[in-house]
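Accompanying notes for the structure given below.
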Amino acid sequence: MKNYSVLFFFLLFFFFSIKVSAKNYDGHNFICADEIGPILEFPIPKFQDNNDKKDIIFKLFKKENRNQYIKKSGSIQKKSSPIDNTYFHYEINYISDVKEAKNEKFGFYPPTMGMFQIQGTQFIDLACWQLGS
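Going from the sequence shown to our numbering is simple: count from 1 and add 781.
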């Protein structure tokens, strides 16, 4: 019985000593689409620190013709939970209309989930995937 308790102690110690870290998506390009076609293509820059913010240029595809796009500039922020840094998500903020200064945002939850909000409407769920290798 003593051997089982020693074995249990070592297994418990081993289990709690395993370091868990999130997969790093920094430096990759992603595209997100709905059931019709692509909506957004964006790069994730390399971040030095968590909760860091960087400026990016991304492609926003036209609703009428998904082969055409507009290049937009915005900022991307890498975020994590304050109590758990084993998962990161990204938030992109940009101004959709310079005249009216409408702030829009897009949330990317790697590896495959995107949530896109158009002019204050409800969020649209998107499927996302990494471009290239």
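Virtual Cβ for every residue (Gly too), placed ideally from N, Cα, C.
Drop a sphere of 10 angstroms on the beta-carbon of K859, count the other beta-carbons inside from all chains shown, and report buried for 16 or more, exposed for fewer. In the sequence shown, the residue the question calls residue 859 occupies position 78. Classification for K859: buried.
Measure the beta-carbon distance from E926 to Y875 and round it to whole angstroms, keeping in mind my assumption that it falls under 8 Å. This structure gives no information on residue 926, because the portion of the chain shown stretches from 782 to 914.
Within a Cβ cutoff of 7 Å, which residues of the same chain sit near L841, ignoring the five residues on either side of it in sequence? Here residue 841 is taken as the residue at index 60 of the sequence shown, counted from 1. Same-chain partners within the cutoff: L821, Y850, I851, K853.
Go through its chain and collect everything with a Cβ distance to L912's Cβ below 7 Å, but skip five positions before and after it. The residue you call residue 912 lines up with position 131 of the sequence shown. Only N810, F811, I812 meet the Cβ criterion.
Is S862 helix, strand or coil when you go by DSSP? By 1-based counting over the sequence shown, the position of residue 862 is 81. The answer is coil: DSSP assigns S862 none of H, G, I, E or B.
Which same chain residues, not among the five before or five after F828, have their C-beta less than 8 Å away from its C-beta? Locating residue 828 in the sequence shown gives position 47, counting from the first residue. Excluding sequence neighbours, F828 sits near D807, K835, K859.
Assign I873 to one of two classes, buried (16 or more other C-beta atoms within 10 Å of its C-beta) or exposed (fewer than that). Walking along the sequence shown from the start, residue 873 turns up at place 92. When all chains shown are included, I873 counts as buried.
Name the residue from Q903, I905, W910 whose alpha carbon lies nearest to the alpha carbon of T893. Here residue 893 refers to the residue found at position 112 when the sequence shown is read from its first residue. Cα-wise, what sits closest to T893 is W910.
Should F839 go down as buried or exposed, given a rule of 16 or more other Cβ atoms within 10 Å for buried? Position 58 of the sequence shown holds residue 839. The residue in question, F839, is buried, as its Cβ has 16 or more Cβ neighbours within 10 Å.
Pull the bridge partners of P819 from the DSSP assignment, please. Mapped onto the sequence shown, residue 819 falls at position 38. Bridge partners of P819: A814.
Identify which residue in S861, F889, K844 has its Cα closest to the Cα of A908. The residue given as residue 908 occupies position 127 in the sequence shown. It is F889 whose Cα lies nearest to the Cα of A908.
Grab the span of the beta strand (DSSP E) containing Q898 for me, first residue to last. Along the sequence shown, one-based indexing puts residue 898 at 117. Unbroken beta strand (DSSP E) run through Q898: 894-898.
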